[in-house]
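Residue numbers (the working numbering): 50 to 272. Here's the structure we're looking at; comments come further down.
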Amino acid sequence: QKKCWKKGGRKKCMKNRNYQNFEFDLHNLQPSIGEINGDRSNFMYSELNSNVKQYGKCSMKIDFKKKLVEPPKIARGAIARTYFYMNTIYNLKLSIREKKLFNKWNLSFPVTKWECIREHLIFKIQEQEKKNIESPLLIHLGLVISKNKKMNFAIQKSIELGVHTITPIFSQYFGCEGGFSLSEVQKAIKHEFIPVKLGPRILRTETAAIAAVTALQIRFGDL
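In structure tokens form, the structure reads like this:
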């Protein structure tokens, strides 16, 4: 897609500053197995009907005749989002077919916690802002830790809406003077609350928060 590539390949393009930014952007770099990366070449991503495993436990599939590649499911979401990033930042051209495929992968394979961590580290290293992607608002979201896939869904949608920083928060469930009712106990168990007994005495308003924080530090922190 680059003019320099048509005139001399990567060697020619490496003299171009814009191409260097494109080539060495950490979003565009992923660890790979040499043999598979070599076989994949510059084939287009697709979904193949074949169930043949060409590389043992690695579920990468390559159709050498059609020059198409089907990556493992675990990698499809990240691949799609990387291509959309390169399209936005470096104007990497995507065909209608590619946009449909990557949109499908992006929706089917949501952002993972590891992607969030990786994204944060990349920006910390490269010290750049995705001005065309990120919201101009510096939004810091405090997110209560939830169970199952709810946390992943909340993280994905928050990132799509331009949240800059996400901080996990512990939620607390206090009982009344007479203690929890049976239905309240069942509700707490259902939502995976961890029981913490703070003693027989009833806590006052001004001491409840401090006691709860102390309990959290003992259970999860460094006290």
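For every residue, glycine included, the Cβ atom is placed at its ideal position computed from N, Cα and C.
{"query": "Alpha helix (DSSP H) segment containing H169, residue limits", "result": "K162 to Q175"}
{"query": "Inter-residue spacing [alpha-carbon to alpha-carbon] between Q235 and G228", "result": "13 Å"}
{"query": "Inter-residue spacing [alpha-carbon to alpha-carbon] between C62 and F219", "result": "50 Å"}
{"query": "Uninterrupted alpha helix (DSSP H) stretches inside the stretch 61 to 94 (no shorter than 4 residues)", "result": "66 to 73 and 83 to 89"}
{"query": "For G105, the residue or residues it bridges with in DSSP", "result": "Partner(s): none; G105 has no beta bridge."}
{"query": "Burial state of H169 (16 or more Cβ within 10 Å)", "result": "exposed"}
{"query": "Euclidean distance between Cα positions of R130 and Y139", "result": "14 Å"}
{"query": "Residue range of the alpha helix (DSSP H) that includes S138", "result": "For the sequence presented, residue 138 should be read as Ile rather than Ser. It spans K122 to Y139 - the alpha helix (DSSP H) in which I138 sits, taken as one unbroken run."}
{"query": "L231, DSSP secondary structure in three states", "result": "helix"}
{"query": "From F113, C165, I208 and A264, residue whose alpha carbon lies closest to that of S90", "result": "F113"}
{"query": "Minimum C-alpha distance to P121 - residue among I166, F158, Q69 and F133", "result": "F158"}
{"query": "Those residues which DSSP pairs with V118 across a bridge", "result": "Y94 and I111"}
{"query": "Bounding residues of the alpha helix (DSSP H) (the contiguous stretch that carries I145)", "result": "I145 to S157"}
{"query": "With 16 other Cβ atoms within 10 Å as the buried cut-off, status of G126", "result": "buried"}
{"query": "Cross-strand partners of H189 (DSSP beta bridge)", "result": "T214"}
{"query": "Distance CB(F151)-CB(V118) smaller than 8 Å", "result": "no"}
{"query": "Collapsed DSSP secondary structure at I238 in the structure displayed", "result": "helix"}
{"query": "Option in I123, G83, Y134 and H189 with minimal Cα separation from D74", "result": "Y134"}
{"query": "Buried/exposed call for Y222, threshold 16 Cβ in 10 Å", "result": "exposed"}
{"query": "Cβ neighbour criterion (16 or more within 10 Å) applied to H76", "result": "buried"}
{"query": "Pair within 8 Å by beta-carbon distance, L287 and I208", "result": "As shown, the chain starts at 50 and ends at 272. That puts residue 287 outside it, with no answer to give."}
{"query": "Classification of Q266 by the beta-carbon crowding that lies within 10 angstroms, buried from 16 upward", "result": "exposed"}
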